[in-house]
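S.K.: Pasting in a structure now, in structure tokens, and then I'll have a few things to ask.
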Amino acid sequence: METLANLESFVRSAELGGFSGAARKLALTPAAVSRNVARLERNLGVRLFHRSTRKLTLTEEGERFLSAIRDNLEGLQSAIASVAGDGGAPAGLLKVSLSPTFGIDHILPLVPAFLEAYPAVRLDWQFDNRQVDLIAEGFDAAIGGGFELSPGIISRPIAPAHIIAVASPAYLKSRSQPVDPSGFADLDGIVMRATRTGRIRHWTMRNAAGNEMSATPRETIVVNDPTAMCRAALLGLGVTLIAVPDVLGHLESGALVRLAPKWYADAGPISIYYGSRTLLPAKTRAFVDFVAEHFKRHRLAEQFAGSLG
549 METLANLESF VRSAELGGFS GAARKLALTP AAVSRNVARL ERNLGVRLFH
599 RSTRKLTLTE EGERFLSAIR DNLEGLQSAI ASVAGDGGAP AGLLKVSLSP
649 TFGIDHILPL VPAFLEAYPA VRLDWQFDNR QVDLIAEGFD AAIGGGFELS
699 PGIISRPIAP AHIIAVASPA YLKSRSQPVD PSGFADLDGI VMRATRTGRI
749 RHWTMRNAAG NEMSATPRET IVVNDPTAMC RAALLGLGVT LIAVPDVLGH
799 LESGALVRLA PKWYADAGPI SIYYGSRTLL PAKTRAFVDF VAEHFKRHRL
849 AEQFAGSLG
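Here our numbering = 1-based position in the sequence shown + 548.
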């Protein structure tokens, strides 16, 4: 009977296209994963992969075998994780990637309560405006929006990423406030240059009636960070289109004012990303559930919804 290690090494190598990616996922060496797969092939009496110096490719037998065992393997792993999670407290280093403004404003304040509940967990958190590769870079989880899901990664949405237009009262003092996004063209814009593409981000806004309209303020100031956009707006330099969570406190204090309040753009969900088809460590499961429960209990998804006007 095959061991779980041999089967898991095969499935991860197939999903990730190589022994190195599977090794990072399984916390093994590439040589150990290769040996596990070779042992499985020897026991089955068939070749599961075509090997080259660049990549692995499933053979016809390998494709059939992967299709047959993948779901069963996931069920077995889930059962083991459930039993193991009941018997062991979350512990160890928790490596998480977070977008700076959202992470600092809305996730970092949860740390005292989280560490009080799970004192054996240590934190290694990185705040960065980029999509990380959870497997290759060794992250347990990431929080942000717009991640492309690679094999073995799932997302758990916790709130919407709605984009709204804001400006300071000082900037608006001598200007009339636009009633819809068409009026933004007459205002100085603090706009965002996307890190990955190098292009200025443009938004199409919508209202509750389903009407859509382009939102294009003048490109007066260009930055590549939401924190800088918010600070520039607070300094009275113009109007900026930014996610609700990044400016919620300033809206509540009156330091910023929402323009065309019935209009917003939908940038998709803010999600927690983590590994799926593996034995999810207790520390990661505890963190994911803790954050999701906090957002649900405090109804933060509703607070972040620009569609509510």
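A virtual CB, placed ideally from N, CA and C, is assigned to each residue, including glycine.
1) With the cut-off set at 9 Å, would you say Q851 and R744 are in Cβ contact?
2) Contact between the segment 713-732 and the segment 797-812 is defined here as three or more beta-carbon pairs at a separation below 8 Å; is this criterion met?
3) Where do the N-terminal and C-terminal ends of the alpha helix (DSSP H) with L574 fall, by residue?
4) What residue from F838, D653, Y821, S582 has the CA that sits closest to A689's CA?
5) Could you tell me if Y702 is buried or exposed, where buried requires 16 or more neighbouring beta carbons within 10 angstroms of its beta carbon?
6) Just the C-alpha distance for F835 and V659, rounded to the nearest angstrom, thanks.
7) Do the CB positions of G693 and V792 come within less than 9 Å of each other?
8) Mind listing, in chain order, the continuous beta strand (DSSP E) runs of no fewer than 3 residues lying wholly within the segment 673-713?
9) Relative to the C-alpha of I617, which residue among N591, L552, H598, L799 is closest?
10) Classify R595 as helix, strand or coil using the three-state DSSP reduction.
11) Can you list, in chain order, the residues of its chain whose CB lies under 8 Å from that of E760, leaving out five sequence neighbours each side?
12) Exposed or buried, which one is E556 when buried takes at least 16 other CB atoms within 10 Å?
13) Indicate the three-state DSSP secondary structure (helix, strand or coil) for R723 in the structure shown.
14) Report back the beta-carbon spacing between A709 and L789 to the nearest angstrom; my notes put them in contact at under 8 Å.
15) Report buried or exposed for A748, applying the criterion of at least 16 other Cβ atoms within 10 angstroms of its Cβ.
16) Is the beta carbon of H700 less than 9 Å from the beta carbon of G610?
17) What are the boundary residues of the beta strand (DSSP E) that P817 is part of?
M.R.: Result, derived from the coordinates:
1) Taking the first residue of the sequence shown as position 1, residue 851 is located at position 303. Taking the first residue of the sequence shown as position 1, residue 744 is located at position 196. The answer is no: Cβ separation not under 9 Å.
2) yes
3) What you label residue 574 is simply residue 26 of the sequence shown in a count that begins at 1. Segment 567-574, the alpha helix (DSSP H) holding L574.
4) Reading the sequence shown from its first residue, position 141 is the one you call residue 689. A689 has its Cα closest to that of Y821, out of F838, D653, Y821, S582.
5) Working through the sequence shown from its first residue, we reach residue 702 at position 154. Strictly speaking, residue 702 in this sequence is Ile, with Tyr absent from that position. Its Cβ having fewer than 16 others within 10 Å, I702 is exposed.
6) Within the sequence shown, residue 835 is the residue found at index 287, counting from 1. Within the sequence shown, residue 659 is the residue found at index 111, counting from 1. C-alpha separation (whole angstroms): 10 Å.
7) Along the sequence shown, read from residue 1 onward, the residue named residue 693 stands at position 145. Along the sequence shown, read from residue 1 onward, the residue named residue 792 stands at position 244. The answer is no: Cβ separation not under 9 Å.
8) 689-693
9) Here residue 617 refers to the residue found at position 69 of the sequence shown. Per the Cα distances, L552.
10) Translated into positions along the sequence shown, residue 595 becomes position 47. If DSSP states are grouped into helix, strand and coil, R595 belongs with coil.
11) Stepping through the sequence shown from its first residue, residue 760 is reached at position 212. Answer for E760: T752, M753, R754, listed in chain order.
12) Counted from its first residue, the sequence shown places residue 556 at position 8. Buried.
13) As a position in the sequence shown, residue 723 is number 175, starting the count at 1. Coil at R723, not helix or strand.
14) For this step, residue 709 is matched to residue 161 along the sequence shown. For this step, residue 789 is matched to residue 241 along the sequence shown. Incorrect: roughly 12 Å between the Cβ atoms, too far for contact.
15) Position 200 of the sequence shown, counting from 1, holds the residue named residue 748. With the sequence shown as reference, residue 748 is identified as Ile, and Ala is not the correct amino acid for it. I748 is exposed by the Cβ-count criterion.
16) One-based indexing of the sequence shown puts residue 700 at position 152. One-based indexing of the sequence shown puts residue 610 at position 62. Contrary to the premise, residue 700 reads as Gly rather than His in this sequence. No.
17) Locating residue 817 in the sequence shown gives position 269, counting from the first residue. Taken as a continuous stretch (DSSP letters only), the beta strand (DSSP E) holding P817 covers 813-823.
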